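Accompanying notes for the structure given below.
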Amino acid sequence: MHGMICKALEGYVRTTHGDGIWDQACRDAGIKTRSFETVHEYPDEKFDRVLMSVAGTLGRRIAVLMEDMGMWVVTHPPLAPVRRLFRFSGETFSAFMVSLDEINDRAQMALPGLELPIYRVRSDEPGAYVVRSTWVSEGGGPLLCGVLQALADEYGALVLLEVLSSQRIDGIWHDETQVQVVQEDFQAPSSFQLGQVT
Amino acid sequence: MNELSVGTHVIDAGLPMHMVCDAAGTVLHAGPTLERIRPGLVGQNMETAFRIVLPCMPATMSNLLDHQGERMFLEVVADQDGAAEQTKLRGVCFAIGGGMVLLNFFFGTDVARAVIRHGLTARHFAPFDPTMELLFLMEARDVILKEFKQVSGRLDEARKSAEKQAVTDALTGLLNRRALDEQLQNLADRRSKTYALMHLDLDFFKSVNDTYGHAAGDCVLEKVGIILREQVRSDDLVARVGGDEFVLVFNNCDDVGLMQRIAQRIIARLEEPISFEGNTCRISGSIGITLSSYYADPSPTRMMAEADAALYASKKNGRSRATVAARPASEDV
Numbered sequence: 001m002h003g004m005i006c007k008a009l010e011g012y013v014r015t016t017h018g019d020g021i022w023d024q025a026c027r028d029a030g031i032k033t034r035s036f037e038t039v040h041e042y043p044d045e046k047f048d049r050v051l052m053s054v055a056g057t058l059g060r061r062i063a064v065l066m067e068d069m070g071m072w073v074v075t076h077p078p079l080a081p082v083r084r085l086f087r088f089s090g091e092t093f094s095a096f097m098v099s100l101d102e103i104n105d106r107a108q109m110a111l112p113g114l115e116l117p118i119y120r121v122r123s124d125e126p127g128a129y130v131v132r133s134t135w136v137s138e139g140g141g142p143l144l145c146g147v148l149q150a151l152a153d154e155y156g157a158l159v160l161l162e163v164l165s166s167q168r169i170d171g172i173w174h175d176e177t178q179v180q181v182v183q184e185d186f187q188a189p190s191s192f193q194l195g196q197v198t
Numbered sequence: 001m002n003e004l005s006v007g008t009h010v011i012d013a014g015l016p017m018h019m020v021c022d023a024a025g026t027v028l029h030a031g032p033t034l035e036r037i038r039p040g041l042v043g044q045n046m047e048t049a050f051r052i053v054l055p056c057m058p059a060t061m062s063n064l065l066d067h068q069g070e071r072m073f074l075e076v077v078a079d080q081d082g083a084a085e086q087t088k089l090r091g092v093c094f095a096i097g098g099g100m101v102l103l104n105f106f107f108g109t110d111v112a113r114a115v116i117r118h119g120l121t122a123r124h125f126a127p128f129d130p131t132m133e134l135l136f137l138m139e140a141r142d143v144i145l146k147e148f149k150q151v152s153g154r155l156d157e158a159r160k161s162a163e164k165q166a167v168t169d170a171l172t173g174l175l176n177r178r179a180l181d182e183q184l185q186n187l188a189d190r191r192s193k194t195y196a197l198m199h200l201d202l203d204f205f206k207s208v209n210d211t212y213g214h215a216a217g218d219c220v221l222e223k224v225g226i227i228l229r230e231q232v233r234s235d236d237l238v239a240r241v242g243g244d245e246f247v248l249v250f251n252n253c254d255d256v257g258l259m260q261r262i263a264q265r266i267i268a269r270l271e272e273p274i275s276f277e278g279n280t281c282r283i284s285g286s287i288g289i290t291l292s293s294y295y296a297d298p299s300p301t302r303m304m305a306e307a308d309a310a311l312y313a314s315k316k317n318g319r320s321r322a323t324v325a326a327r328p329a330s331e332d333v
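Laid out in structure tokens, this is it:
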């Protein structure tokens, strides 16, 4: 698991639930290092152990945790530069949905080795999407729900999200998520000015 | 198919930064994005709106036609407001018949600044234009670079704190001052233990350094480290506490005669010539000795001070010798 994702989990738990919960979860998971480095690669199993431990410490399901984390990644103010990177995927919420197939490639383009869940989007009617995700860890679907909910607010769209199914086959998690765009222009989108680089 | 006639809206969508000039250089039409970059362009002359930087030449129609299909570097000449002043563009031109020229512009390395300067959005680029991906990559690079800088900063901090916690002297591998202080404090805390302390200062070391250089000096210090380690038991301590100063601590030792014999052996070994790159380095050593059993309260500070005073006596009496600290007569041990 890429350090960026491990660090996201750490950042989410520390800022949302406190350093104490994070330390406790690491202790329970039997992890010596209390801090992940974004530029390292960690064994998937280590990430899973910490994730399970955090869920246990908080008494929440992993799905709930991952959805919350997805939302945190997009809305946590210091992560504004990351939120901007999401917006490059499309000008509107619907355009973003269609580009979900590419999001893993896009991540790799920015940072080789950064493996996000793989998402495949299907749309049978306008504004209705089913996203199948595959990932080595649990929660690819809920994570997407959290990210999409927060991005919908960014784009000013009104959406309905639901994880339809989640199952582990041969060590890989397969989730199915339904996305319904109720109204694309529900409110004014937050501004997105291009070219903000140093 | 040699000719293709398409509506202006098609060209505007595909080449939003193009313009068409007539044979006199008057701008007849400008794409929507170019119009945003240089408002009021239509009707002006090409030469008043753009400057060709490379190849260096006036922006006349005949010059443009001489360089058809080649990449040119241009600058936007300021309109009245001065807003478009610094924008750099690249351009390529083609004759399109009837004496008209189509000049299409695109951004170069200046793209991020230009996009901010003119408030451009994804809509201002053709749907197939990879400029958006370029801007994405530039921002992603910033995010990742910032992350690397933070990691690098943390590593620096970790290194500094590791250095602070180091217990050995890098050159000789002996304990350093900090480690010695800690060990002496441990001994002081376990009051039942007796120990002997030897303070050694090299003689003539400065002249080795001055004559043969620091590399020779370092070689001598390494050799001294080896000699001292050979003269102690495994649970004794040897520390380098200054440039050419060493402290030896002998655990469970109350035998002043033994200490004197060891000191003599050390001095004899130090006086053996050390060769370095064809030169022969000669040093010796002055030593001060004291025993914890001499004092009612053998604090590390006291022990070090007494050994130091004895060392000073050795130096004063001609160097290359060992002196035992005077046993205090009045102290009730």
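If you read the protein sequences in the order shown, they are chains A and B. Under the numbering used here, the first residue of the first sequence carries the number 1, and numbering increases by one thereafter. Under the numbering used here, the first residue of the second sequence carries the number 1, and numbering increases by one thereafter. The beta-carbon is built from N, C-alpha and C at its ideal position, and this holds for glycine as well. Computed from a prediction, not measured in an experiment: that's the story for all the values here.
Measuring CA to CA, which of the options is closest to residue i?
i                            : options                                : result
leucine 28 of chain B        : B/Leu102, B/Glu70, B/Gln183, B/Lys206  : B/Leu102
glycine 195 of chain A       : B/Arg159, B/Val6, B/Ala305, B/Ile116   : B/Ile116
isoleucine 11 of chain B     : B/Lys88, B/Ala126, B/Ala140            : B/Ala126
lysine 88 of chain B         : B/Leu180, B/Tyr294, B/His118, B/Arg321 : B/His118
phenylalanine 250 of chain B : B/Met198, B/Val77, B/Thr26             : B/Met198
glycine 217 of chain B       : B/Arg229, B/Arg302, B/Gly243           : B/Gly243
isoleucine 144 of chain B    : A/Ser137, A/Ala110, A/Arg168           : A/Ala110
leucine 41 of chain B        : B/Met17, B/Cys56, B/Glu147             : B/Met17
serine 337 of chain B        : B/Arg191, B/Thr60, B/Cys219, B/Thr301  : In the structure as shown, chain B begins at 1 and stops at 333. Residue 337 of chain B is therefore absent and cannot be evaluated.
aspartate 153 of chain A     : A/Ser191, A/Arg122, A/Gly20            : A/Ser191
leucine 348 of chain B       : B/Ile283, B/Tyr195, B/Thr290           : Lying outside 1 to 333, the shown extent of chain B, residue 348 of chain B is not represented and no answer is given.
glutamate 3 of chain B       : B/Ser161, B/Val111, B/Leu65, B/Gly97   : B/Gly97
proline 39 of chain B        : B/Ala78, B/Glu47, B/Gly25, B/Met72     : B/Ala78
alanine 325 of chain B       : B/Asp235, B/Tyr212, B/Ala196           : B/Ala196
alanine 215 of chain B       : B/Gly278, B/Gln165, B/Arg233           : B/Gly278
aspartate 124 of chain A     : A/Arg49, A/Gln178, A/Phe47, A/Leu79    : A/Gln178
isoleucine 37 of chain B     : B/Leu64, B/Met100, B/Ala114, B/Met132  : B/Ala114
glutamate 37 of chain A      : A/Met66, A/Thr16, A/Lys7               : A/Lys7
Just mark residue i as buried or exposed, buried being the case when its beta carbon has 16 or more other beta carbons within 10 Å.
i                            : result
glutamate 162 of chain A     : exposed
lysine 206 of chain B        : exposed
alanine 84 of chain B        : Low local confidence applies: a pLDDT of 49 at alanine 84 of chain B is under 50, so the model's placement there is unreliable, with the coordinate-based value given in what follows. When all chains shown are included, alanine 84 of chain B counts as buried.
isoleucine 52 of chain B     : buried
leucine 270 of chain B       : buried
serine 286 of chain B        : buried
isoleucine 226 of chain B    : exposed
leucine 160 of chain A       : exposed
threonine 280 of chain B     : exposed
proline 58 of chain B        : exposed
alanine 55 of chain A        : buried
arginine 240 of chain B      : buried
alanine 107 of chain A       : buried
arginine 83 of chain A       : buried
threonine 1 of chain B       : Note on identity: in this sequence residue 1 of chain B is methionine, with threonine being the wrong assignment. With fewer than 16 other Cβ atoms within 10 Å, it is exposed.
glutamate 230 of chain B     : exposed
lysine 146 of chain B        : exposed
proline 55 of chain B        : exposed
alanine 334 of chain B       : Look at the range of chain B in this structure, 1 to 333, and you will see that residue 334 of chain B is not part of it.
glycine 139 of chain A       : buried
histidine 2 of chain A       : buried
isoleucine 169 of chain A    : exposed
glycine 20 of chain A        : exposed
histidine 124 of chain B     : buried
phenylalanine 148 of chain B : exposed
Mind listing which residues of the segment 38-50 of chain B have their C-beta closer than 9 Å to chain A's C-betas, in chain order?
The residues in question: there are none.
Where in the segment 99-186 of chain A do unbroken runs of the beta strand (DSSP E), each at least 3 residues long, occur, reported from the N-terminal end onward?
Correct list: 118-125, 128-135, 158-169, 172-183.
Would you check if there are 3 or more beta carbon pairs closer than 8 Å linking the segment 109-129 of chain A to the segment 145-157 of chain A?
The segment 109-129 of chain A is not in contact with the segment 145-157 of chain A.
According to a CB-to-CB cut-off of less than 7 Å, which residues of the segment 139-162 of chain B neighbour chain A?
Taking 7 Å as the upper bound on Cβ-Cβ separation, chain A lies near residues Glu139, Ala140, Asp142, Val143, Ile144, Glu147, Phe148, Val151 of the segment 139-162 of chain B.
Inside the segment 155-208 of chain B only - beta strand (DSSP E) runs reaching at least 3 residues:
Runs of the beta strand (DSSP E) inside the segment 155-208 of chain B: 195-203.
Name, going along the chain, the residues of the segment 67-81 of chain A whose beta-carbon falls closer than 8 Å to a beta-carbon of chain D.
No chain D is present in this structure, whose protein chains are A and B.
Taking 8 Å as the cut-off, does the segment 87-97 of chain A touch the segment 130-141 of chain B (at least 3 CB pairs, one atom from each stretch)?
Counting C-beta pairs with one atom in each stretch, the segment 130-141 of chain B and the segment 87-97 of chain A have three or more that are closer than 8 Å, which means they touch.
Contact between the segment 154-161 of chain B and the segment 253-261 of chain B (3+ Cβ pairs under 8 Å)
Taking 8 Å as the limit for Cβ pairs, the verdict is that the segment 253-261 of chain B does not touch the segment 154-161 of chain B.
Pair every Cβ in the segment 57-74 of chain A with every Cβ in the segment 89-108 of chain A, then say whether three or more of these pairs are closer than 8 Å.
The count of Cβ pairs closer than 8 Å, one atom from the segment 57-74 of chain A and one from the segment 89-108 of chain A, stays below three, leaving the stretches out of contact.
Only counting runs of 3 or more residues, tell me where the beta strand (DSSP E) segments fall wholly within the segment 21-51 of chain B, in order along the chain.
The qualifying runs are 27-30.
Using a Cβ-Cβ cut-off of less than 7 Å, give me the residues of the segment 21-40 of chain A that come near chain B, in sequence order.
So the close ones are Glu37, Thr38, Val39.
For the segment 108-127 of chain A, list every residue whose C-beta sits within 9 Å of some C-beta in chain B, in sequence order.
Taken in chain order, the members of the segment 108-127 of chain A whose beta-carbon sits within less than 9 Å of a beta-carbon on chain B are Met109, Ala110, Leu111.
Completely contained alpha helix (DSSP H) runs for the segment 236-294 of chain B, where each covers 4 or more residues
Whole alpha helix (DSSP H) segments, 4+ residues: 256-270.
If contact means a Cβ-Cβ distance below 8 Å, which residues of the segment 120-138 of chain B contact chain A?
Listed by position along the chain: Leu120, Thr121, Ala122, Arg123, Met132, Glu133, Leu135, Phe136, Leu137, Met138.
Return the chain-ordered ranges of every beta strand (DSSP E) run that is complete within the segment 55-121 of chain B and spans a minimum of 3 residues.
Complete beta strand (DSSP E) runs here, min 3: 72-76, 88-97, 100-106.
Could you give the uninterrupted runs of the alpha helix (DSSP H) lying entirely in the segment 36-102 of chain A, keeping only those of 4 residues or more?
Segments of the alpha helix (DSSP H) lying fully in the segment 36-102 of chain A: 44-58, 62-75, 80-87, 93-98.
Taking one C-beta from the segment 17-33 of chain A and one from the segment 94-107 of chain A each time, how about it: are there three or more such pairs within less than 8 Å?
Taking 8 Å as the limit for Cβ pairs, the verdict is that the segment 94-107 of chain A does not touch the segment 17-33 of chain A.
Closer than 8 Å, Cβ to any Cβ of chain A: which residues of the segment 81-114 of chain B, in chain order?
Per Cβ criterion, the list reads Val111, Ala112, Arg113, Ala114.
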